[in-house]
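In the numbering used here, the protein residues as written are 13 to 218.
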């Protein structure tokens, strides 16, 4: 019969060696872990570099004299950097006739339509709008994320343009539009549709 003490004495050096190795491995892995101080310094340096990059970019912007602005306007060009461009090219404060359920149309000024909408269209489409029947168009409601089909045409009596055929159903009633509310429209050429949004509601009591 084997002596159990002999077995213990034989295994002890191996176990001891394994524990020492584990401690050494642990110390080596901890040596390669970045400290919190190092991480904070890295983030501070990164933020400072980003701040300097933005400052340099702002300093590189060109400032225009009034004479240069007038010259570009005369030439019909602009080299200015546009940080933000309002997409709502046609803005209108709704009148009582725009939300009248018996008239059933949104009246749009001809000058604004020519400047921001029909200029994007081909001749055939413009001719259709000028016709009594009008052109079927899609209107995307950016507030709700819904799409609606209306008819866009020129109003013969006033020479203005109108959106008709379910204007009251899809917008006046559904969006609870009232006279005094401000709406915005633009022509989305990439999707071939109108964009619509309620920009401001009439203040109660006015």
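Note that beta-carbon positions come from the ideal geometry of N, C-alpha and C, so glycine has one too. Bear in mind the structure is a predicted one, so any value in this text is a computation, not a measurement.
Put simply, the region 132-146 touches the region 166-176. At least three CB pairs are less than 8 Å apart. DSSP, read as helix, strand or coil, puts residue 165 in strand.
Taking each of 209, 190 and 202 in turn and checking the Cα distance to residue 215, the smallest one comes out for 190. Per DSSP, the unbroken alpha helix (DSSP H) holding residue 122 starts and ends at 122-128. Under the three-state reduction of DSSP, residue 180 is assigned to helix.
Per the coordinates, the alpha-carbon of residue 142 lies some 25 Å from the alpha-carbon of residue 153. DSSP, read as helix, strand or coil, puts residue 186 in coil.
Nearest neighbour of residue 181 by Cα position, chosen from 130, 132, 129 and 110, turns out to be 110. In the three-state reduction of the DSSP assignment, residue 138 falls in the helix class, which pools H, G and I. Close CB contacts of residue 201 within its chain, under the 6 Å cut and outside five residues either way in sequence, are with 132 (chain order). Judged by DSSP in its simplified three-state form, residue 57 adopts helix.
For residue 207, the enclosing beta strand (DSSP E) stretches over residues 205-212. Residue environment: residue 98 is assigned as exposed (fewer than 16 neighbouring CB atoms within 10 Å of its CB, all protein chains considered). Excluding five sequence positions before and after residue 122, the CB atoms of its chain that fall closer than 7 Å to its own CB belong to 171, 172 and 173, given in chain order.
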